[in-house]
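One structure is given here, and the rest of the page talks about it.
Protein chains: 4
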Amino acid sequence: MPSNRGVVYEGPGKVEVLNIDYPKFEDPQGKKIEHAVIIKTATTNICGSDQHMVRGRTTAPAGLILGHEITGEVVEKGSDVLFINVGDLVSVPFNIACGRCRPCRERNTGVCLNVNNKQPGGAYGYVEMGGWAGGQANYVMVPFADFNLLKFPDKQKALEKILDLSMLSDIFPTGFHGARCAAVDVGSTVYIAGAGPVGLAAAASSRLLGAAVVIVGDRNEERLAHARDVGFETINILKHDNLSEQIEQIVGDPWVDAAIDAVGFEASAPGQAGARGEAAPASVLNQLMDITFVAGGVGIPGLYVTEDPGAPNEDAKRGMLKIRFGKGWSKSLHFHTGQAPVLQYNRQLMQAILHDRVQIAKVVNAALISLDEAPMGYQQFDRGAAKKFVLDPNGMARKKAA
Amino acid sequence: MPSNRGVVYEGPGKVEVLNIDYPKFEDPQGKKIEHAVIIKTATTNICGSDQHMVRGRTTAPAGLILGHEITGEVVEKGSDVLFINVGDLVSVPFNIACGRCRPCRERNTGVCLNVNNKQPGGAYGYVEMGGWAGGQANYVMVPFADFNLLKFPDKQKALEKILDLSMLSDIFPTGFHGARCAAVDVGSTVYIAGAGPVGLAAAASSRLLGAAVVIVGDRNEERLAHARDVGFETINILKHDNLSEQIEQIVGDPWVDAAIDAVGFEASAPGQAGARGEAAPASVLNQLMDITFVAGGVGIPGLYVTEDPGAPNEDAKRGMLKIRFGKGWSKSLHFHTGQAPVLQYNRQLMQAILHDRVQIAKVVNAALISLDEAPMGYQQFDRGAAKKFVLDPNGMARKKAA
Amino acid sequence: MPSNRGVVYEGPGKVEVLNIDYPKFEDPQGKKIEHAVIIKTATTNICGSDQHMVRGRTTAPAGLILGHEITGEVVEKGSDVLFINVGDLVSVPFNIACGRCRPCRERNTGVCLNVNNKQPGGAYGYVEMGGWAGGQANYVMVPFADFNLLKFPDKQKALEKILDLSMLSDIFPTGFHGARCAAVDVGSTVYIAGAGPVGLAAAASSRLLGAAVVIVGDRNEERLAHARDVGFETINILKHDNLSEQIEQIVGDPWVDAAIDAVGFEASAPGQAGARGEAAPASVLNQLMDITFVAGGVGIPGLYVTEDPGAPNEDAKRGMLKIRFGKGWSKSLHFHTGQAPVLQYNRQLMQAILHDRVQIAKVVNAALISLDEAPMGYQQFDRGAAKKFVLDPNGMARKKAA
Amino acid sequence: MPSNRGVVYEGPGKVEVLNIDYPKFEDPQGKKIEHAVIIKTATTNICGSDQHMVRGRTTAPAGLILGHEITGEVVEKGSDVLFINVGDLVSVPFNIACGRCRPCRERNTGVCLNVNNKQPGGAYGYVEMGGWAGGQANYVMVPFADFNLLKFPDKQKALEKILDLSMLSDIFPTGFHGARCAAVDVGSTVYIAGAGPVGLAAAASSRLLGAAVVIVGDRNEERLAHARDVGFETINILKHDNLSEQIEQIVGDPWVDAAIDAVGFEASAPGQAGARGEAAPASVLNQLMDITFVAGGVGIPGLYVTEDPGAPNEDAKRGMLKIRFGKGWSKSLHFHTGQAPVLQYNRQLMQAILHDRVQIAKVVNAALISLDEAPMGYQQFDRGAAKKFVLDPNGMARKKAA
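Residue numbers (the working numbering), protein chains in the order written: chain A, 1 to 402; chain B, 1001 to 1402; chain C, 2001 to 2402; chain D, 3001 to 3402.
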């Protein structure tokens, strides 16, 4: 049995790379399962939502193995894995889904009923998401493998584009889900709040969907500069106090057809200085209602939590937001929330990558680092680095890039 | 020129029937128009949203002629009205729409850009909705008549069902829009907050869409008794403090597939006594997030306002609501707001009425009264009468019923 | 191991009830499988599509065990069946689907890629559909059970409605698929070609979807009389030569909003006498193009085959039909073909049955017979009996009805 | 009153530029209308569907003024034109639509009920389409102007892109409609039959919708060479007899996700030499059924006629096609026919042009010629020139290009 090392959350602000157990064919309750595979990770990314845990904004226990963005090679499989084979190179959706319950049958794999005892929806290496070990490691177990895994049709070609394909496990479908829910279409004008990796993935998705104008807003000038470099319009929300006016200068109208919230509950008050201004969890939602065209859509892939123990006031601790709802109502807006159901989108996005329709790794500024560099990656990302860190635990991606 | 009398808002709590001008072929700015007709009203209903004005919760000026639910006969027409003729019996959608702007072309007639100088969307006899005279009168002018009007194919048959057809101008499409937006479908379980006319219309719509179970919740026992009489399940939200449990007793699961908010911003805190408990404008929205199945829809035809000068606190005055948004996000819910675009639905609902698929007048407990009884109707409705008052200004409906 | 008897196709016009093997946990290629269950049949229906085989219009081999409409109780399960348990009463969709391939993930379970070596899509007891044993027997094996099976929430209540629930395995979803594809909606006028069980199920589905007028056309007066008995409008296509005129008399317009072909390739020329007139395989399609409103939909659940060795001419033998396609094009019609993907609809239709929104057994005139009476059932159905025969191999349904 | 000259159909094979009447504010029945404008044409294109008339394949009468692809400046307007003004530069959808009937309200402007006495749907300068004068002229009248016209927001910028914007009146939306109906989506593989302007517009549309691979098939090598020049994959259907194999070489699978028929009823038998091989009107449809993935869509913007007097046999004369329908049924395909409803798409496609997301003029190889050169343009286009001819009757476009 090969040795295994992984990125472990040890407490607020602290992650370490430690020896961990090699995965077993068992569910988190210790029951033997036939439907799983063991994956040798090719790449596994650091995600903004991991930061919520690492910053101590959640109830994540010390000892949690992190990582839900996983791409890799199948090295072992259970007896009821029929269509995936040892040797296949695959993308693992971050949502764990059984493929057999009502939400899964209806394609809502983000809220599967059978993979988490506490609430609908499961994920690898994440607090309250079912207790499945994370994938920032050499090896990880993937349940319901036939249903969950997306196999790349040509292994060699896939390895050549591994940094792009690595985004299929989470942020590319997450950004795409935001764009789709916002009803981005050919010719749309789009505003995206947040120039982090999800915001950039939403921007790339909007462009892929044919949007005429894609604007990204943020307060982090380094991220905005990168967004411009990869072809998007930008707005620095610190430098102006009227978003509609800034949009009008770019688009010609003081509104956009579709808006995407790629920030979530850790939003800060607009127009305030600092890497993060004063906490203002509803500020992005309220802004998007102002600038979205009548009858338009607001896609909300940014995370909003039911409990936020680290929040500055009682309302926010209970996940209670002050939303100017009448504004949205008067404009007949619609709002779409929740985790992206990755399986709804990853096949078609893979095709777009393989046929050179999108350079998603470049758009999100993917940076390949070793497993041991993971703690450094967490730190830099937390400070707002305009990068998406991709770990390479087994040297498979590095070898390719060389 | 015939004489004209109408229902006039004279100040908080005060409506009177007064002599008013006979309509002209002019828009509210006084410009001559070719696209209008004059309607002799057959029926015109009192609406819950009129009550917001009459209660003094808005900035409606004294002198406003009320009424946006209009059915009647065309008696005159402009030179560019080509497909509607004098003598036609028609339903008038409460939303005034030009039929020529982008939202209208995209079927979003509730947010037309050309009929109101202040904001998108217009209506008859309503504050901030463009200054068009209301239709609780003998005669009313309807602009863009070819586009807006729904002609009944057989005048005599229509007069026989005039109380049902009268609901096509607003509440039936409004309830239907709520159900459609909530994604009610064959076999759905549905919870509707509010047993007033819009709630009952949403219930009838849900049944028409094939819902398996339709539950209406309210605190007004008279309205709930009527809802049971016309075949719906009911929940008295005063008598229990856990809505999920009550739903589980009816449905077998502690959730519904779809939820509809037919209450809006004048909601009261659940579990509190009184015709109206303590104002709690977000309470319905927060409850619906609790009880809606994962990935489900919430339709929100109930009105939420951008400004509420009569509200009990500063947040509510600015239309700011405390919403437990993380709850909805964790369940991947979607939310649809705004006025119903009546023209999207009224033709098909007319067909359902004419072919006896629905008895909407009975469901909402339509009560025919004379124009002079309008002030009494406003009073009784404000007190929570389980009725939908239909005015009969020209005796056309009464004659029929006799 | 219990003994097993089943309905066996022995050659054109000949079916017998014979002793057959008790099912094994093996796929048709003899490979051991972990994902299957053994079902003790409660009910199993005779289907019109079985008749194509029994009439000798296909290449079905002698010895084939018939039956793809199955409802029953789970008596054994494989090691990777996790959410279905022994003792559960379940509906079995006629389409066999793996739940793991691209079409299955996209809900197109009628064209699964993994259950049939010859072409996409599998079924029980059907020629060219993968070699899976049929279910007109005491016991039958169901693969990919967690994915395929629909469990009834309350076994006792379900047994009381077993004749209705029995229709969930095929014809109710098939009729519903036709209606959905034809875009039947609230207030629609609908014409359905064919008053057999699928046509009646399409009619019941249309009504459930809120259709204002539902018309069923056929040449079999007994079937039409039954259709009228259960509340539909009817047209005897033998008695008139202009379908539009007949529709106009019922609807008021010479068209319908939506049309459904519940006949398929064994259609006869309209206006010709005899239980079946001269073969005219495109006649239904051509008629539906005439009578469907502009931009309308045509749902085609009726079977069209790629090869028809028994057809009267060379074109028809190759599945080549003479279609007046320009007619459809000039009206901007859309056409939807293929097997119903039962899993897309059966849960919601089950809810409609369990909550008394539809009496599907009554609509299709279900008639319960014993396994030994199956040959008689085949004969009567072939002669056009206005009945849907339901076999009761283990006396479970009969006991209930008693 | 300015003088007016236009392109007139004089009989099979013969078009001439003649003096014609200056347009009046009258409908084809001679009735005065308030809703029209007079347009001074900036550009007006020759369309493949004009060729059907010019070749004598229709009942078009001599004297017909041709031209339904019109872009220009408003020079006069009727009293009920409120939102379009003199001086506006506009695109005119080729479908004439009243904006007031049921199909128009439902966005199906290709089958308007009020603009043609003979059948649903009207167009400028086209046989059986309502008798409206064509726009290959200096001036043309456009009815229901507020509803029909798309105004360019910035006149100067629009003139700079006039060759691209000129494609908004017909072929760009027509190609886009084909792609949309075929359900082309991000990551799709697409096959388009026909490398003429509509096929190329469908290809550009597919790319704009995010398709991963776009393949165009034709027998005209000049057109295929141009298609390759603008970035599409191509297949010469004369050089191979198995389309699936050729697709597999490009895509890796022997199918595509979506297929578009941009040829229509004048198709020739595949694999046959000559600019046009033997007439085989169903050959494209039959091919597309072979190569489309299960549950996929087939978009059919290519014209199919109800009567084809010039066809080689009786069936084809009545618009009767031999279609291998069972093939499509076994794969659960869906088919969408008819004229594109231009107004559904032209605004968003305009945005894509104005913001440099697509170079449609380059893709279709637009060639600007004078009004007097129109007869030459018709001739060259009929011979299969890989060009889209754009007439410039008033020198407005030429001036710009200079």
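The C-beta atom is built at its ideal place from N, Cα and C for all residues, glycine as well.
Within the stretch 102-116 of chain A, contact with chain C at the beta-carbon level (separation under 8 Å) is assigned to R102, R105, E106, R107 and N114. The shortest CA-to-CA distance from M3001 (chain D) to any of D:E3016, D:V3008, D:P3173 and D:I3020 is the one to D:I3020. Straight-line measurement puts the Cα of V3342 (chain D) at about 6 Å from the Cα of P3173 (chain D). Look at G3328 (chain D): its C-beta is under 9 Å from a C-beta on chain C. Interface annotation for the stretch 3295-3318 of chain D against chain C: A3295, I3300, L3303, Y3304, V3305, T3306, E3307, D3308, D3315 and R3318, criterion Cβ-Cβ distance under 8 Å. Flagged as an interface residue toward chain C: D1185 (chain B), by a C-beta distance shorter than 9 Å. Closest in alpha carbon position to V1216 (chain B), among B:S1268, B:S1330, B:A1204 and B:S1370, is B:A1204.
Residue state for H240 (chain A) is assigned as coil, using DSSP reduced to three classes. Within 9 Å of the CB of L2343 (chain C), the CB atoms of chain A belong to R105, in sequence order along the chain. Of C:P2393, C:K2317 and C:S2332, the smallest CA-CA separation from P3301 (chain D) is found for C:S2332.
From the listed residues B:E1266, B:A1183 and B:K1024, the smallest Cα separation to G1299 (chain B) is found for B:A1183. Each of D:A3193, D:I3171, D:C3104 and D:I3039 was checked against the Cα of D3088 (chain D), and the nearest Cα belongs to D:I3039. Between the alpha carbons of N2242 (chain C) and P3103 (chain D) lies a gap of roughly 25 Å. P1120 (chain B) belongs to the set of residues whose beta carbon lies under 9 Å from a beta carbon in chain A. Annotated three-state conformation of F3144 (chain D) is coil, per DSSP.
Distances from the alpha-carbon of S3169 (chain D) to those of D:A3367, D:R3383, D:N3346 and D:V3364 put D:N3346 closest. Interface annotation for the stretch 3024-3049 of chain D against chain B: E3034 and H3035, criterion Cβ-Cβ distance under 7 Å. Chain-order list of chain D residues neighbouring G1130 (chain B): empty, with the shortest C-beta distance near 15 Å, by a criterion of under 9 Å. Taking all protein chains shown into account, N1117 (chain B) has fewer than 16 neighbouring C-beta atoms within 10 Å of its C-beta and is therefore exposed. Residue C:A2282 holds the alpha-carbon nearest to the alpha-carbon of F2265 (chain C) among C:P2254, C:A2282 and C:I2250.
A Cβ-Cβ contact shorter than 9 Å links V1256 (chain B) with I1291 (chain B). Just measuring C-alpha positions, the residue of A:V92, A:V75 and A:V127 sitting nearest L66 (chain A) is A:V127.
Boundaries of the alpha helix (DSSP H) around E221 (chain A): E221 to D229.
Under the Cβ criterion (8 Å, minimum of three pairs), the stretch 130-145 of chain A counts as touching the stretch 25-45 of chain A. Runs of the beta strand (DSSP E) spanning 3 or more residues and lying entirely within the stretch 71-115 of chain A occur at 89-92, in chain order. Using a CB distance below 7 Å, the part of the stretch 2330-2359 of chain C facing chain D consists of S2330, K2331, S2332, L2333, H2334, F2335, H2336, T2337, G2338 and Q2339, ordered along the chain. About 4 Å separates the beta carbon of G2110 (chain C) from that of Q2339 (chain C), a gap short enough to meet the 8 Å contact definition. N2346 (chain C): member of the alpha helix (DSSP H) spanning N2346 to L2354, first to last residue. For F3381 (chain D), the secondary structure class from DSSP, reduced to helix, strand or coil, is helix. For G2178 (chain C), the enclosing alpha helix (DSSP H) stretches over residues I2171 to C2181.
With respect to the C-alpha of L391 (chain A), the residue from A:P375, A:A385 and A:N85 having the closest C-alpha is A:P375. Contact annotation: the stretch 1381-1391 of chain B touches the stretch 1351-1370 of chain B, with at least three C-beta pairs closer than 8 Å. Rounded to whole angstroms, the separation of the alpha carbons of Q380 (chain A) and Y22 (chain A) is 29 Å. Annotation: the continuous beta strand (DSSP E) that includes H336 (chain A) extends over H334 to T337. In the structure shown, G1326 (chain B) falls within a helical segment according to DSSP collapsed to helix, strand and coil. By the criterion of at least three beta-carbon pairs nearer than 8 Å, the stretch 3003-3017 of chain D is in contact with the stretch 3055-3072 of chain D.
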